[in-house]
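Counting in UniProt numbering, the sequence shown runs from 1 upward without gaps.
Where is the CB? At the ideal position from N, CA and C, for every residue including glycine.
Values in this document were obtained by computation on a predicted structure and should not be read as measured data.
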Amino acid sequence: MGILVTGGAGYIGSHTIVELLNSGYEVIVVDNFSNSSPESLRRVSEITGQRIMVYNMSILERDGLEKVFNENNIHAVIHFAGLKAVGESVAIPLQYYQNNITGTLNLLETMQKYNVKRLVFSSSATVYGFPESVPISEDFPLSVTNPYGRTKLMIEEILGDLFIADNEWSISILRYFNPIGAHSSGRIGEDPKGIPNNLVPFITRVAVGELKELTIFGGDYPTKDGTGVRDYIHVVDLALGHLKALEKTVSTPGVNTYNLGTGKGYSVLEMVEAFENTCGIKIPYTIAQRRPGDVAVCYADPIKAKQELGWGADKGIEEMCRDSWEWQAKNPNGYEVNIKNIESPHLSTSGDFLIKVNSI
Ligand code: NAD
Ligand code: UFG
Numbered sequence: 001m002g003i004l005v006t007g008g009a010g011y012i013g014s015h016t017i018v019e020l021l022n023s024g025y026e027v028i029v030v031d032n033f034s035n036s037s038p039e040s041l042r043r044v045s046e047i048t049g050q051r052i053m054v055y056n057m058s059i060l061e062r063d064g065l066e067k068v069f070n071e072n073n074i075h076a077v078i079h080f081a082g083l084k085a086v087g088e089s090v091a092i093p094l095q096y097y098q099n100n101i102t103g104t105l106n107l108l109e110t111m112q113k114y115n116v117k118r119l120v121f122s123s124s125a126t127v128y129g130f131p132e133s134v135p136i137s138e139d140f141p142l143s144v145t146n147p148y149g150r151t152k153l154m155i156e157e158i159l160g161d162l163f164i165a166d167n168e169w170s171i172s173i174l175r176y177f178n179p180i181g182a183h184s185s186g187r188i189g190e191d192p193k194g195i196p197n198n199l200v201p202f203i204t205r206v207a208v209g210e211l212k213e214l215t216i217f218g219g220d221y222p223t224k225d226g227t228g229v230r231d232y233i234h235v236v237d238l239a240l241g242h243l244k245a246l247e248k249t250v251s252t253p254g255v256n257t258y259n260l261g262t263g264k265g266y267s268v269l270e271m272v273e274a275f276e277n278t279c280g281i282k283i284p285y286t287i288a289q290r291r292p293g294d295v296a297v298c299y300a301d302p303i304k305a306k307q308e309l310g311w312g313a314d315k316g317i318e319e320m321c322r323d324s325w326e327w328q329a330k331n332p333n334g335y336e337v338n339i340k341n342i343e344s345p346h347l348s349t350s351g352d353f354l355i356k357v358n359s360i
């Protein structure tokens, strides 16, 4: 069964493709590498021993999308492609709306034209805004505080309208909590450009000696130790959630929304301690002002995904820290060092390469 994965070279996409290939799916990727490297896909191919068809193009390119649907037998789409930095979205909102919203509209229109009506979409717990209580279930009120979050909420609404208009569509909206960790091989992982915005990539960069110390944003939240609490989920558990959602979309029409989280909350200080204990490296930190827009506590009620998808997260916090560290320690410069080892992403390659990168 052919699955189109948009944004497949990124952090969550690459881990999901490993699981798709291991489960016998055929994978076609569309990625413009705006926030990733084709090296991630080369390594996915190496881990799985399977070939991946890759198109180096943006979902903003309508003709390119048509070509992809024409050239491949696509049964369903997992749609990861999007810009995701909250702060950046405040600075350049039009680019976020253009990329995330217009890109998604292009994709949906092309899917409709080729009668491919099965979709798994990456949403985010950010659509819950400032939740009134925890754990957060899917029927909580939705609100957003920044353009990035607004793109996710708008797309969720667009998908709802699409199903009302044509109930042959089958859509899973997945609201991720805080993905961390990496594949156990240490070959693929999260590779943020520049100084990381997120907690765990920041911690691992401190651990590897690239950054001096962690700044903890806020020590006066109404939480167990004053620092913010989040629901960290291992990226491989998250990836497996996509396979379960895919099975559901293939078998049943409708629009269904699921939280993908563990249901457990850890504070920033607990995360620092867990990392230190698991990896044996001291993480120096200072406590500073709260980061604007941050909620005090955010964790999922994961019961709906358990009941309807038969999915739950298995991996604990130690495994998450260990795998994040393993990836960072083995790849102190992320994918960068190896990028020259592969041919230009603008050239079609075959033979020695398990990934075939096509330029549109
Ligand atoms: P990522 O940046 O690593 O991956 C996104 C991929 O999409 C990248 O490879 C990027 O090059 C590609 N891309 C962006 N715009 C594109 C376009 N116009 N055409 C083709 N490719 C494009 O991010 P990720 O962490 O893997 O996140 C995947 C999805 O999950 C995103 O939609 C993100 O908003 C959502 N999400 C992520 C998190 C998180 O904490 N990582 C949390 C909630 C939701
Ligand atoms: N934090 C620090 N120092 C840092 C980075 C983060 O103290 O250098 C703290 C934050 O204040 C927060 C916790 O660590 O309390 C987690 O922060 P992250 O930035 O890792 O994650 P967020 O929960 O803020 O945001 C993530 C994604 C968003 C998504 C949101 C949805 O980055 O895209 O989850 O829940 F919208």
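Under a 10 Å Cβ-count criterion, M1 is classified as exposed, with fewer than 16 other Cβ atoms of the shown protein chains found around its own Cβ.
A residue is called buried when at least 16 other Cβ atoms come within 10 angstroms of its Cβ; G310 does not meet this threshold and is exposed. Per DSSP, the unbroken alpha helix (DSSP H) holding Y148 starts and ends at P147 to A165. Looking at the DSSP output, T215 sits in a beta bridge with T286. Put simply, the stretch 223-240 does not touch the stretch 139-153. Fewer than three CB pairs are less than 8 Å apart.
By the neighbour-count criterion, in which a residue is buried when 16 or more other Cβ atoms sit within 10 angstroms of its Cβ, S251 is exposed. Here A274 has I317 and C321 as same chain residues with Cβ atoms under 6 Å from its own Cβ, once five neighbours each way along the sequence are excluded. Under the DSSP assignment, G87 falls in the alpha helix (DSSP H) whose first and last residues are V86 to A91.
In this structure, F163 has its CB at a distance of at least 7 Å from all heavy atoms of ligand 1.
Within the same chain, Cβ atoms closer than 6 Å to the Cβ of N256 are found at S172, the five residues on either side in sequence being excluded.
In this structure, the beta-carbon distance from V120 to L174 falls below 8 Å.
For Y221, no pairing in a beta bridge is given by DSSP.
The nearest non-hydrogen atom of ligand 1 is 7 Å or more from the C-beta of S89.
In chain order, E19 and W311 place their CB closer than 8 Å to the CB of L240, counting only its own chain and leaving out the 5 sequence neighbours on each side. Q289 counts as exposed, since fewer than 16 other beta carbons sit within 10 angstroms of its beta carbon. With a 10 Å radius around the Cβ and a threshold of 16 neighbouring Cβ atoms, P141 comes out exposed. Proximity to Q112 across E66, G293 and I155 peaks at E66, based on C-alpha coordinates. For S184, the secondary structure class from DSSP, reduced to helix, strand or coil, is coil. A straight line joining the alpha-carbon of G226 with that of L246 spans about 39 Å.
The residue from E326, Y221 and K315 with its alpha-carbon nearest to that of A296 is Y221. Taking C-beta separations shorter than 7 Å and ignoring five residues to either side along the sequence, the partners of L238 in its chain run I12, Y176, P179 and L260, following chain order. About 6 Å separates the beta carbon of I47 from that of S185, a gap short enough to meet the 8 Å contact definition.
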